[in-house]
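Q:
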Amino acid sequence: MTLSTLWFIIIGLLFSIFLFLEGFDFGVGMSTRFLAKDEQERAALMSTIGPHWDGNETWLVTAGGAMFASLPLWYATLFSGYYILFLLVLVGLILRGVSFEFHKHAETRTGKNLWMWAFFAGSIIPPFFLCMILLSMVQGVPINANGDAFPKFFDVVNLLSVVGGVAGVLLSLVHGLNFIRLRIEGPLRERARKLNQILYPILFLGEVVFAVLVFLQTDFFTKRFVSSFLITALIVLFSLLGYYGVLKDREGWSFVGSGLSLSMVIVLLFNGLFPRVMIATNPAHSILIKNAANSQYTLTIMTIVACILVPIVAIYFIWSYSLFTKRINPRENAVKY
Amino acid sequence: MLTLGLSIVSLARFQFAMTTVFHFFFVPFSIGMGFLVAIMETIYAVKKDKVYLDMAKFWGKIFLLSFAVGIVTGIIQEFQFGMNWSEYSRFMGDVFGAPLAIEALLAFFIESVFIGIWMFTWDRFRPGVHAFMIWMTSIGTMLSAIWILAANSFMQHPTGFKINNVTHRIQLTDFGAVVRNPQLWKVFPHVILAAFMTAAVVIAGMSAWGLLRKKKDENHFFKTSLRFGLWASLIFALLSAGAGDLQTQQIIKDQPMKFAATEGIYEDTKDPAPWTIVELIDAKDHKASGKIEVPGVLSILAYHKLSGSVKGMNSINKELHAKYDKKFGKDMNYFVPPKTLFWSFRVMTGIDALVMLIALVGLIFSRKKKDTIENHKWMLVVLGIAIWLPFIGNSAGWFITEFGRYPWIVYGLFTIAQAVSPTSTVASLLFSNIVYFLLFTLLGGVMVWYCRQTLHHGPYYEEVDSKQNVDPFAREAFGK
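First to last, the sequence lines map onto chains A and B. Per the working numbering, the first sequence starts with residue 268, numbered consecutively. Per the working numbering, the second sequence starts with residue 96, numbered consecutively.
#1: Name the chain B residues that come within less than 8 angstroms of Thr592/A, Cβ to Cβ?
#2: Along chain B, in chain order, which residues have C-beta atoms closer than 9 angstroms to that of Ala416/A?
#3: With 16 as the cutoff for other CB atoms within 10 Å, does Ala569/B come out buried or exposed?
#4: Between which two residues does the alpha helix (DSSP H) harbouring Asn538/B extend?
#5: Tell me the rounded alpha-carbon separation between Arg221/B and Arg456/A.
#6: Does the distance from the C-beta atom of Asn242/A to that of Leu340/A stay below 8 angstroms?
#7: Reducing DSSP to helix, strand and coil, say where Asp420/B ends up.
#8: Can you tell me whether Lys156/B is helix, strand or coil according to DSSP?
#9: Taking three-plus beta-carbon pairs below 8 angstroms as touching, is the region 362-371 of chain A in contact with the region 387-400 of chain A?
#10: Pop quiz: Ala245/B and Val286/B are said to be a contact at Cβ under 8 angstroms. What is the actual Cβ separation, rounded to whole angstroms?
#11: Under the rule that 16 or more other beta-carbon atoms within 10 Å means buried, what is Glu173/B, buried or exposed?
#12: Under a Cβ-count criterion, where at least 16 other Cβ atoms within 10 Å of its own Cβ denotes burial, should Trp544/B be classed as buried or exposed?
#13: Report the three-state DSSP secondary structure of Ile265/B (helix, strand or coil).
#14: How far does the alpha helix (DSSP H) with Thr114/B in it extend, from its first residue to its last?
#15: Near Phe573/B, what residues of its chain come up, given a Cβ to Cβ distance below 7 angstroms and the 5 sequence neighbours on each side ignored?
#16: Hey, is Leu508/B's beta-carbon within less than 8 angstroms of any beta-carbon in chain A?
#17: Quick one: give me the first and last residue of the beta strand (DSSP E) that Leu375/B is part of.
#18: For the region 415-427 of chain B, which residues have a beta carbon sitting closer than 9 angstroms to at least one beta carbon of chain A?
#19: So, helix, strand or coil for Arg543/A, using DSSP?
#20: Using the beta-carbon of each residue, which ones in chain A are nearer than 8 angstroms to Arg185/B?
#21: Below 8 angstroms on the Cβ atoms is my guess for Thr601/B versus Ile387/B; work out the distance and round it to an integer in Å.
#22: Grouping DSSP H, G and I as helix and E and B as strand, with all else coil, what is Phe430/B?
#23: Between Ile556/A and Leu286/A, is the Cβ-Cβ spacing less than 8 angstroms?
#24: What are the residues of the region 190-210 of chain B that lie near chain A, defined by any Cβ-Cβ distance shorter than 9 angstroms?
#25: Tell me which residues share the same chain as Ile546/A and place their Cβ nearer than 6 angstroms to its Cβ, disregarding the 5 neighbours each side in the sequence.
#26: Does DSSP put Phe417/A in a helix, in a strand, or in coil?
#27: How would you write the range of the alpha helix (DSSP H) that Gly499/B sits in, first residue to last?
#28: Hey, Leu321/B and Ala303/B are a contact pair by Cβ (cut 8 angstroms); roughly how many whole angstroms apart?
#29: Whole-angstrom Cβ separation of Tyr583/A and His319/A, contact assumed at under 8 angstroms?
#30: Within 8 angstroms (strictly less), CB to CB, does Thr548/A reach chain B?
#31: Going by DSSP in three states, Phe386/A sits in which element: helix, strand or coil?
#32: Is the shortest distance between the beta-carbon of Tyr604/A and the beta-carbons of chain B less than 8 angstroms?
#33: May I ask you to verify whether the region 286-296 of chain B touches the region 124-135 of chain B, counting CB pairs closer than 8 angstroms and requiring at least 3?
#34: On the criterion of 16 or more Cβ atoms from any shown chain inside 10 Å, does His263/B qualify as buried, or is it exposed?
#35: May I ask you to list, following chain order, the residues of the region 315-327 of chain A that have a beta carbon less than 7 angstroms from some beta carbon of chain B?
#36: If distances are taken between C-alpha atoms only, which option among Ser233/B, Val505/B, Ala140/B and Thr496/B comes closest to Thr343/B?
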């Protein structure tokens, strides 16, 4: 395996970890409207991810940085090609990022409401548009010889990309509810489980539609039938595991299941892309990993740096989670937000 | 197509300037606040003087506010290189991506994880252990500054690379040279010390407003904070000026045009070189008039010697044409915007000097033996208004650095015009400019508002608040 392929895998891994972690952050943010009944409960939900959301988002920043550092031609084409959608993702992330602090400081009812809504909007916009970008990209877009992508409106907004966006939002919501079941006690926790009992069947339906559309709209199943099929099956299987955890009231299984479903979506897309990073409508202009990659020297340095730093990050990252395991009760031991 | 007479390059430049300047209001402020709060908490851990705990908590709130806005405006920067400057990303990917990725892995994770722990564990750890969390956050913010400045220093003064013959893109040949770039180790101390000064001035200024409220129970708190802020302002204003002087020496060597413009010199100077305090600049005809000069001083500033002349922009322009015409053609304009640089430099250094002066006077008025600062209301008001100075100074410094590189995005190698995304349209850029402008107005306004509100509540607000929350039917509610 070449270093550039290794970095393609690392970027995929970083995005998977990002979706696993920030996925439940997004879900918790959405659940403030679907699950909480009053301001106190909303604040309790917000506080479950208070210490973690910034660290989780750093995986996205790292994934973007890794893309720039190893496959810059991919980074350049993707981010400039989907300009407006990335702008919307940014607006979402900005609103969400400030909402934690601003909500804490707001004193009027209007102020609290405003930042709670910003939190909600900022939790629903980024997963929707990120998934939309990814699923538009894998269908192939017009790319010129210089490597500039010029996706037309229907290259960006089509059945698969919209279904993908909705699926990403739904999976995040389900994942967030499973996380809430881990971190909250009392009636709110039980309501999260009940809501997931309703959401999982819808999710399965969505996953089937998604799989069919991927089959029809991309070349994943013609190019790599076995692996694409297996990974799609894994997405569904992990969702089933999550559903099992919902029915048996085992939130640990649910959380792992929904998180891995989200990660597997990235695995499916990266597996189908390989060895390309951008698919052009004119296959001659598709961008390949080997053409998008940095020099051997730079990739070697980056590999060494990643081998040293990633394990260290993993250790203190996991340790930081181990500090906050006490369940939160919205009526009692809450709440900083 | 809709263009409204606007050019893609200028819109992209405007957006980059707007997003980085807004981001750079909060970056130095957060770096400095984190550092000063860490010091406060450490003093508390060592001396067990409760006022320092109150200080760490109160100024910690301001720190968290600025940190939040700093992060979200930072994400824009990472995406923006790809979104608006895709040709730059292609050209520079081999060099630029690595520091950015290392910044994320090394610095962003430390700061984001440890700040999360710090804000939620006041009651869980011993003071020393809890102070460790804010120190880690602070170290994270400083490491992040090193790596982003490493990337920027390469753009100012490329080292350790070659141009690939096939792709015509930059190829890294010596990572050590990028990290050892002399620009980096001159600019980093200047930026970091100015960051400390920024936070110190804000702490002193907000404490001054606090003292003006004349609440007895807060007097000790704000007095201690004021003296802390004033001492830090004075020390770091002095040090950042010193670091800036060292950086100047480097700029004269690497980017003579930038230096000549900050001093407004068109023709080579006499020997020894006089320093121009103010002058009228005619950027069109490349002339300056109405100079007020101090003889000999520029030689000292530029070379730390009593003699030596300084090259003017006109002769540097000729040299640059001789050097680069083969590659970039004869039509290039190598004059950087002289008025922007000349006045930015005077604003930056003037503010630094002003901060030193104000801090010194404030310290004299508030000295322990004869503490009369409350009697000098005007002094407190001056300190309160001075809060804004370092932000203007930081932006001015940033202007010099970035405008002074014109017409290049990577010095001597790649022009700004070459770097912009070919996919950009006037419509999309106009849209994003408007979105960012509205968003920043909102964030900036809310941020200032909540800082003001935090100050209005004072340091003991939460304790009062929890007393009010006593169950009305409990015994305590009926007093003693």
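Ideal placement from N, C-alpha and C gives every residue a C-beta, glycine not left out.
A: Walking through what the data contain:
#1: The contacting residues do not exist; Thr592/A stays about 12 angstroms from chain B at best.
#2: The contacting residues are Thr518.
#3: Since pLDDT at Ala569/B reaches only 42, below the 50 mark, its modelled position is unreliable, and the value read off the structure follows with that caveat. By the Cβ neighbour-count rule, Ala569/B is exposed, with fewer than 16 other Cβ atoms within 10 Å of its own.
#4: The sequence given here places Leu at residue 538/B; Asn does not occur at that position. Segment Val521 to His552, the alpha helix (DSSP H) holding Leu538/B.
#5: Looking at the two C-alpha atoms, the distance is approximately 32 angstroms.
#6: An answer regarding residue 242/A cannot be provided, because it is not within the stretch 268 to 604 covered by chain A.
#7: Asp420/B falls in the helix class under three-state DSSP.
#8: Reduced to three states, the DSSP call for Lys156/B is helix.
#9: Contact between the region 362-371 of chain A and the region 387-400 of chain A is present, because at least three Cβ pairs lie under 8 angstroms.
#10: For Ala245/B against Val286/B, the beta-carbon gap comes to about 12 angstroms, at or over 8 angstroms, which does not count as contact.
#11: Glu173/B comes out buried.
#12: Flag for Trp544/B reads exposed.
#13: For Ile265/B, the secondary structure class from DSSP, reduced to helix, strand or coil, is strand.
#14: It spans Ile103 to Lys142 - the alpha helix (DSSP H) in which Thr114/B sits, taken as one unbroken run.
#15: Its pLDDT being 41, under 50, Phe573/B is placed unreliably by the model, and the measurement read from it follows with that caveat. Hits under 7 angstroms: none found.
#16: For Leu508/B, the answer is no, since every Cβ of chain A falls outside 8 angstroms of its Cβ.
#17: Counting along the chain, Leu375/B sits inside the beta strand (DSSP E) bounded by residues Trp370 to Asp377.
#18: Residues are counted here when their Cβ sits less than 9 angstroms from a Cβ of chain A; for the region 415-427 of chain B the count is zero.
#19: Here DSSP, grouped into helix, strand and coil, assigns Arg543/A to strand.
#20: Residues of chain A passing the Cβ test: Pro339, Leu340, Ala343 and Gly414.
#21: A question about residue 601/B goes unanswered here, because the residues of chain B that appear run from 96 up to 575.
#22: Residue state, collapsed to three classes: coil.
#23: In this structure, Ile556/A lies away from Leu286/A, with their beta-carbon atoms at least 8 angstroms apart.
#24: If the cut-off is 9 angstroms between Cβ atoms, the region 190-210 of chain B has Val190, Phe191, Gly192, Ala193, Pro194, Leu195, Ala196, Ile197, Glu198, Ala199, Leu200, Leu201, Phe203, Phe204, Ile205, Glu206, Ser207, Val208, Phe209 and Ile210 near chain A.
#25: These residues qualify, in order along the chain: Gly407 and Ser553.
#26: Secondary structure of Phe417/A (DSSP, three-state): coil.
#27: Element bounds for Gly499/B: n/a, residue is neither H nor E.
#28: Right, the Cβ-Cβ distance comes to about 6 angstroms (below 8 angstroms), so this counts as a contact.
#29: The C-beta distance from Tyr583/A to His319/A rounds to 13 angstroms, too long to fall under 8 angstroms, and the pair is not in contact.
#30: No, because no Cβ of chain B sits closer than 8 angstroms to the Cβ of Thr548/A.
#31: In the structure shown, the three-state DSSP call for Phe386/A is helix.
#32: Note on Tyr604/A: pLDDT 49, under 50, position unreliable in the model; the coordinate value appears next. Taking 8 angstroms as the CB threshold, Tyr604/A stays off the interface with chain B.
#33: Yes, the region 286-296 of chain B is in contact with the region 124-135 of chain B.
#34: Exposed is the call here.
#35: The residues in question are Gly317, Pro318, His319, Asp321, Gly322 and Thr325.
#36: Considering only Ser233/B, Val505/B, Ala140/B and Thr496/B, the residue with the shortest C-alpha distance to Thr343/B is Thr496/B.
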